[in-house]
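First residue of the sequence shown: 25, per our numbering; consecutive thereafter.
In this text, a Cβ means the ideal position worked out from N, Cα and C, and glycines have one as well.
To start, the structure itself, in structure tokens.
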Amino acid sequence: MGAILSRCKAWLLGDKTEEDAQGPVIVRIRERGPGIRVFEGLDGDTLSGTGSALAEMEVEQDAAYWEVHILALPAGARCCMGVARQNIPLDAPLVSERAAPPGNSSDMDVFSLEPTAVGAPAEPDGFEQGDGGVEGQLAWALSSTGGALQEGDVVGVAFGQASLPNLRFMRNGEHTGAGTVTRVRGSVHPAFSVSGGASLSVVFDPDGFRHQVPRGFAELRPSTSLLD
């Protein structure tokens, strides 16, 4: 009650609280491979070139959502989006080029980064195999290799630590079930990769979202300890 009264008093007196003075939090790409080009825009960062990149913030909140707008995806190009450990190889794509496992008919799959697994491929009915986690795992990502993603698509990434599945992907506002991973263990950052002329706009600002945020989720925010 005291905190509420203090904020009301500050508003009536025209004073800004410490929280208000900080302004909106802008999330940027922090680490990137030598072949990645990043252009900082008002709504987010645009990625092109070849390699992988990580957002500056770990995902520490219970449920975070961000979007990836596919600006360019010419023939032969590839792009990936998901979450990854800080120590992933940034000069390589998030996922390997190998084909999907036999019997998997999903057109958007999570493949493995050789020699480290990236995540369990989604079953054709949308349910994942296993828990999507193995020892030494570095990244969990959705790849455009299967041909389901197209230029102009918006991929929503919903990462929730307090509920299962931990990682889900939406294509143009629709949850397809493809790429879903039940459990992602340990600290991870939003992660992306491009190659072959692909270009992505990574949007963390809710004002730039094109689709409704899933219930219970919110834009990526820093931990309260970082705000102190």
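Which whole-angstrom value is the C-beta distance of residue i and residue j, which I expect to be below 8 Å?
i	j	result
residue 104	residue 117	6 Å
residue 95	residue 224	6 Å
residue 218	residue 73	6 Å
residue 244	residue 88	5 Å
residue 235	residue 83	With 8 Å as the limit, residue 235 and residue 83 do not qualify as a contact, their Cβ atoms being about 19 Å apart.
Buried or exposed for residue i, please, with buried defined as at least 16 other CB atoms from any protein chain shown within 10 angstroms of its CB.
i	result
residue 63	exposed
residue 247	exposed
residue 91	buried
residue 163	buried
residue 174	exposed
residue 189	buried
residue 239	exposed
residue 202	buried
residue 187	exposed
residue 160	exposed
Helix, strand or coil for residue i per DSSP?
i	result
residue 231	helix
residue 106	strand
residue 160	coil
residue 223	strand
residue 214	strand
residue 78	strand
residue 204	coil
residue 181	strand
residue 64	strand
residue 73	strand
residue 94	strand
residue 55	strand
residue 192	strand
residue 165	strand
residue 84	coil
Beta-carbon separation of residue i and residue j under 9 Å?
i	j	result
residue 196	residue 181	no
residue 61	residue 210	no
residue 107	residue 215	yes
residue 226	residue 70	yes
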